[in-house]
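Engineer: Have a look at the structure that comes next, please.
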Amino acid sequence: MNSLSSAAKRPKHLDLLRISLPLPAKVSILHRVSGALLFLALPVLIYQLDQSLDSAETYAAAAAFFDQALVKLAVLVLVWSYSHHFCAGIRYLLLDLHIGLDRVPANRSAMIVMIASLALTALVGVQLW
Numbered sequence: 001m002n003s004l005s006s007a008a009k010r011p012k013h014l015d016l017l018r019i020s021l022p023l024p025a026k027v028s029i030l031h032r033v034s035g036a037l038l039f040l041a042l043p044v045l046i047y048q049l050d051q052s053l054d055s056a057e058t059y060a061a062a063a064a065f066f067d068q069a070l071v072k073l074a075v076l077v078l079v080w081s082y083s084h085h086f087c088a089g090i091r092y093l094l095l096d097l098h099i100g101l102d103r104v105p106a107n108r109s110a111m112i113v114m115i116a117s118l119a120l121t122a123l124v125g126v127q128l129w
């Protein structure tokens, strides 16, 4: 009887905006988001690279394109995506090796991923701007 009454009180759907997720869950979601951003940006970046290698004029056009403030902001988002995806990927490799599976080390490694990715983004952002 207890399991039936507790099951009836459970929500039928999850409202992810109202649920307070633990930091490792947020890192996991951001890992997926960063991977999707990198995947979607790849064709644009490859096209810009191809255009920049054609001639001196197309290189100048590509350099002028990347000198715009909005494009620099987009590049900074991609830098964050790469650094977060890289740091979280290392974290997941360690978790696959059964290193840091307990609650405290998992929270600590998730915090390290967040701080490292933001710090790397800030370092590149200073150079970019």
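Residue 81 in our numbering sits at position 81 of the sequence shown, and the numbers go up by one each step. The beta carbon of each residue, even a glycine, is placed where N, CA and C say it ideally should be.
For the alpha helix (DSSP H) that R91 lies in, which residues bound it at each end?
Structural biologist: Looking at the DSSP string, the run of the alpha helix (DSSP H) that includes R91 is A69 to D96.
Engineer: Quick check: what's the CA-CA separation for L49 versus F39?
Structural biologist: One C-alpha to the other measures close to 16 Å.
Engineer: What number of angstroms, rounded off, separates the C-alpha of L97 from the C-alpha of A106?
Structural biologist: Near 13 Å, if we compare the C-alpha coordinates of A106 and L97.
Engineer: Going by C-alpha distance, which of V79, V27 and L120 is nearest L37?
Structural biologist: Minimum Cα distance to L37 is reached at V79.
Engineer: How would you call A110, buried or exposed, if buried means at least 16 neighbouring beta carbons within 10 angstroms?
Structural biologist: Classification for A110: buried.
Engineer: Going by DSSP in three states, D50 sits in which element: helix, strand or coil?
Structural biologist: It is helical.
Engineer: For the alpha helix (DSSP H) holding S22, just list the boundary residues, first then last.
Structural biologist: Looking at the sequence itself, residue 22 is Pro, so the reference to Ser does not match. It is not in any alpha helix (DSSP H) - P22 carries neither H nor E in the DSSP assignment.
Engineer: Could you have a look at I99 and say whether DSSP puts it in helix, strand or coil?
Structural biologist: DSSP places I99 in coil when its eight states are reduced to three.
Engineer: Pull up the CB-CB distance for A74 and V113, whole angstroms please, since I reckon it's below 8 Å.
Structural biologist: Not quite, the Cβ-Cβ distance comes to about 22 Å (not below 8 Å), so this is no contact.
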